[in-house]
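To keep things clear, I will list the structure first and then write my remarks on it.
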Amino acid sequence: MLYHVRMDVRVPHELDPARFEALKAEEKARAQALQREGKWRHLWRIAGQYANVSVFDVADHDELHAILSTLPLFPFMEIAVTPLARHPSAIG
Numbered sequence: 002m003l004y005h006v007r008m009d010v011r012v013p014h015e016l017d018p019a020r021f022e023a024l025k026a027e028e029k030a031r032a033q034a035l036q037r038e039g040k041w042r043h044l045w046r047i048a049g050q051y052a053n054v055s056v057f058d059v060a061d062h063d064e065l066h067a068i069l070s071t072l073p074l075f076p077f078m079e080i081a082v083t084p085l086a087r088h089p090s091a092i093g
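In this text, residue positions in the sequence shown follow the numbering used here: the first is 2, and each later residue adds one.
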């Protein structure tokens, strides 16, 4: 199944800057691994915000939840998920 996922990151101001840098590095590594596996199909930054829109290709809602909850920045994210279905007018 395909899912459109918007992730808005809200990092607390009191988070230690060194810890935040470490979390960002872990997040990047995890995102890249999921992309190589074909689970995280598209990743787009939203200009001017600490947010992204992504497309995931996973078996079901449970797999998506399991993946999202493993992201190092997950505790600081507001996430909106929209399941996608093929549009009858799509040619690709």
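Where a beta carbon is used, it is the ideal one built from N, C-alpha and C, also for glycine.
Same chain only: Cβ atoms within 7 Å of residue i, ignoring 5 sequence neighbours per side
i     : result
TRP41 : ALA32, LEU35, SER55 and PHE57
GLU79 : ASP9 and ARG11
GLY39 : ASP58
LEU85 : LEU3, TYR4 and HIS5
GLU27 : PRO73
Buried or exposed (CB count within 10 angstroms, at least 16 for buried), residue i
i     : result
LEU24 : buried
LEU72 : buried
ILE92 : exposed
Rounded distance between the beta-carbons of residue j and residue i, thought under 8 Å
i     : j     : result
PHE77 : LEU69 : Between LEU69 and PHE77 the Cβ distance is about 13 Å, and since that is not below 8 Å, they are no contact.
LEU65 : ASN53 : In fact, because the Cβ distance is near 15 Å, the residues do not count as touching under 8 Å.
Residue i and residue j closer than 7 Å at C-beta
i    : j     : result
ARG7 : ALA67 : no
Residues of its chain near residue i, where Cβ-Cβ distance is below 8 Å and the 5 sequence neighbours each way are ignored
i     : result
PHE21 : VAL12
GLU15 : none
ALA60 : MET2
6 Å Cβ shell around residue i - same chain, five flanking residues per side excluded
i     : result
TYR51 : VAL10
Legend entry - Segments of 3+ residues assigned as beta strand (DSSP E) that fall wholly inside the stretch 18-68: Whole beta strand (DSSP E) segments, 3+ residues: 41-46 and 52-58.
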